[in-house]
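Data block below; observations after.
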Amino acid sequence: MARLDPHSYNDSTQPETETLDWKARVDFRTRRLHAEATLTLKEASAGPLDLDTRDLDIRSVVDAQGRPLPYILSPPEPILGSRLRIELPAGLKQLTVRYRTSPEASALQWLLPSQTAGGQQPFLFSQCQAIHARSVVPLQDTPRLRIRYRASLRIPKGLKAVMAASFVGREEHGVEAEEHFEMPQSVPPYLLAFAVGSLAPKELGPRSRVWAEPEALEEAADEFAGVDDMLKAAESLFGPYDWERFDLLLMPPSFPYGGMENPRLTFLTPTLIAGDKSLVNVVAHELAHSWTGNLVTNASAEHFWLNEGFTVFAERRILEALAGPEVAALHAALGRRALDEALHHFRAHPQLTALRTHLSGVDPDEAFSQIPYEKGYLLLRALEDAVGRPTFDGFLRRYLATYRFQALTTEEFVLFTEKELPGALAKVDADAYLHRPGVPPSAPRPRSARLEALDRLRGLVPSEEQVRDWTPTEWQLYLESMPPDTSKDVFRLLDAKYALTKSRNSEVLVAWLVAALRAGWEPALARAEAFLGEVGRMKYLKPLYSVLASSREYRKTARAAFEKNGARYHPIARQGVELILARA
């Protein structure tokens, strides 16, 4: 018996799932999915089969002929949920579990019409990363075991379902419709994704379209119009795109992440709609996941950097190809600042600042940070610098080809790199990145003339001439580097000259509000309170609640804002804010 993933009951001696056939009826009234999951195994095997579940109401387990199979649903463990152990008779290759989800399923968010852009219809979406798929489907919920699937969603006829899969067809039955999907490529379970609501599409290019509520569709299509150029740039760097389509879904404001790389249908936060395409680097990140994460996957959350470090590296290469090295350097500088903040946040848990983590007994949502993203990026940049870009590009393509549609561990990455780039890991002291806390002093640092110009303005009010050609990224870097003792007069002058409190760019706005509130500049408070009711993205909620909660003067404001808005936040985001307020 061997459990290779600390976040799954999966036993490596048991048979693996090959395909999933999933049927679910969406019940907005009770906030449940009434569902059945048919698992087809790669090989027949007698004995126990352990599946991961969380808060599922199991109704029955039967074989392909409908005969009951014996099963035991264990009491839940705090992180893993409940083990569903099914006894398989000799020769069995297929079984069906009939069940319903909980109204509090951790992967699902049910939105009232008032929480949507249109205000007329409800909305449902899933978010299964890292280990939340088990609250939707009983399965082997570990990224090391990939599955293909077919799915049918029965929904109210006036709504539309979309899924991170190929659309097959729609049938209407009275007041309901049934929509069918198929995912022909194998994916890790955390990439199972769907949404149901009032949705409409608009084509962006030969292989891409955007879905959104009708009220937001035109604005979204305009913002993401350049996605085909990104796709071409990515293919030129990393090889053919293996997922046929790269469609986008603009999510409701409560979506907790910037984006989620669900294959064929990337989910994106509406906070990317800035009106000037200045935040579409998030789209480049999710597109890059089509190779690094979706195609080549970390074997468990302990190796998460293999997904995210590679993807940040790929994202910045795409940005460099489209906008030049200066812009890529600006984004790398933002990343290094985020990394330093994450290292400070985890200073009491230094073991979580190594890339190769050990997470037995640790919820991956609580271990989540920018460290695997940015420290992983720095390791890959160091390797690129050590061997040269042409050599590293060849290595990267061989890596993607070798592990295509597979999952791997950090240890397998090390063996592969030693074989392909002999001596390179030792040259950059890779062990310090992989197994030791913090960042090696020799780690690459972004350099550019624009960064040097920003550094000279630290704490000063720049002139209109100096900011004339600034990108929003430069504004963000400037604001995030404001010295803690900056006077309130500087904030008053900045807002008077540049109306930062009214910025439509969420990154600039949050950087401004955090700096201004930290300095005690009172006029920023009202905008911060309003913004906490407009968004659900954790990247913005956490710093704003943190700066408010850390101040005696604003602590009551933070608690009042959460009491007012917390029910609208996604469960993952709500948990994160609750932790911040509990520590205050």
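Counting in UniProt numbering, the sequence shown runs from 1 upward without gaps.
Even for Gly, the Cβ is constructed at its ideal location relative to N, Cα and C.
Quick caveat: nothing in here was measured; it's all calculated off a predicted structure.
(request) Would you tell me roughly how many angstroms separate the C-alpha atoms of A333 and F313, rounded to the nearest one? (result) Roughly 13 Å separates the two Cα atoms.
(message) DSSP three-state label for R264, please.
(response) In this structure, R264 counts as coil in the three-state DSSP scheme.
(request) Note the first and the last residue of the continuous beta strand (DSSP E) segment covering G47. (result) Per DSSP, G47 belongs to the beta strand (DSSP E) from 47-53.
(request) Please report how far the alpha carbon of T486 lies from the alpha carbon of A519, in whole angstroms. (result) If I take the Cα positions, the gap works out to 7 Å.
(request) Whole angstroms is fine: what's the gap from V62's alpha carbon to S45's? (result) Near 16 Å, if we compare the C-alpha coordinates of S45 and V62.
(message) Suppose the cutoff is 6 Å on Cβ atoms and the five residues either side in sequence are ignored; what does the same chain contact list for S551 look like?
(response) Answer for S551: no residue qualifies.
(request) Give me the Cα-Cα distance between R83 and P48, rounded to the nearest whole angstrom. (result) C-alpha separation (whole angstroms): 11 Å.
(request) Go ahead and label I131 buried or exposed: buried means 16 or more other beta carbons lie within 10 angstroms of its beta carbon, across all protein chains shown. (result) Under a 10 Å Cβ-count criterion, I131 is classified as buried, with 16 or more other Cβ atoms of the shown protein chains found around its own Cβ.
(message) Using a Cβ-Cβ cutoff of less than 6 Å, which residues in the same chain neighbour R150 once the five nearest sequence positions on both sides are dropped?
(response) D21, E182.
(request) Determine the DSSP secondary structure at V62, reduced to helix, strand or coil. (result) Three-state result, V62: strand.
(request) Just list the alpha helix (DSSP H) runs in the stretch 383-414, keeping only unbroken ones of 4 residues or longer that don't cross its boundaries, in chain order. (result) Within the stretch 383-414, the complete alpha helix (DSSP H) runs of at least 4 residues are 389-402.
(request) Go to Q476, then tell me how far its alpha helix (DSSP H) extends in each direction, as first and last residue. (result) Q476 -> alpha helix (DSSP H) spans 472-480.
(message) Tell me the residue span of the beta strand (DSSP E) that contains M538.
(response) From DSSP, M538 is part of no beta strand (DSSP E) but of the alpha helix (DSSP H) over 538-549.
(request) List the DSSP bridge partners of residue 598. (result) For residue 598 there is no data in the structure shown, the boundaries of the chain being 1 and 584.
(request) Rounded to whole angstroms, what's the CA-CA distance from V514 to P484? Just pull it up for me. (result) Each residue's alpha carbon lies about 11 Å from the other.
(message) Please tell me whether E223 and K160 are closer than 7 Å, where the distance is taken between their beta carbons.
(response) Taking 7 Å as the Cβ cut-off, E223 and K160 do not qualify as a contacting pair.
(request) Tell me whether H349 is buried or exposed, calling it buried when 16 or more other Cβ atoms sit within 10 Å of its Cβ. (result) H349 is exposed by the Cβ-count criterion.
(message) Measuring CB atoms only, is the stretch 448-459 touching the stretch 417-433, in the sense that at least three cross pairs come out at less than 8 Å?
(response) By the C-beta criterion, the stretch 448-459 is judged not to be in contact with the stretch 417-433, since fewer than 3 inter-stretch pairs fall below 8 Å.
(request) Buried or exposed for V439, please, with buried defined as at least 16 other CB atoms from any protein chain shown within 10 angstroms of its CB. (result) When all chains shown are included, V439 counts as buried.
(request) Verify whether the separation of the beta carbon atoms of P444 and L378 is less than 7 Å. (result) For P444 and L378, yes; Cβs fall inside 7 Å.
(message) According to DSSP, is R154 part of a helix, a strand, or is it coil?
(response) Three-state DSSP puts R154 in a strand.
(message) Do G309 and P372 have their beta-carbon atoms positioned less than 7 Å apart in this structure?
(response) Yes, the Cβ-Cβ distance between P372 and G309 is below 7 Å.
(message) So, with DSSP's three-state summary, where would you put V168?
(response) The answer is strand: DSSP assigns V168 an E or B state.
(request) Tell me where the beta strand (DSSP E) around M183 begins and ends. (result) Where M183 is concerned, the enclosing beta strand (DSSP E) stretches over 176-187.
(message) Runs of 3 residues minimum, wholly inside the stretch 200-278: which ones carry the beta strand (DSSP E) assignment?
(response) List check, beta strand (DSSP E) in window: 200-205, 208-212, 247-250, 265-268.
(message) At the level of alpha carbons, what is the spacing between A426 and R398?
(response) Rounded to the nearest angstrom, the two C-alpha atoms are 20 Å apart.
(request) Starting from the Cα of A274, find the closest Cα among A107, V162, N505, N298 and give me that residue. (result) Distances from the CA of A274 to each of A107, V162, N505, N298 were compared; the closest alpha carbon is that of N505.
(message) Does A582 come out as helix, strand or coil in the three-state DSSP assignment?
(response) The three-state reading of DSSP puts A582 in helix, counting H, G and I together.
(message) Am I right that G258 and D228 are in contact with their C-beta atoms under 8 Å? What's the rounded C-beta distance?
(response) Approximately 21 Å separates the beta-carbon atoms of G258 and D228; this is outside 8 Å, ruling out the contact.
(message) For a quick check, are the C-beta atoms of K202 and L217 less than 7 Å apart?
(response) Yes, the Cβ-Cβ distance between K202 and L217 is below 7 Å.
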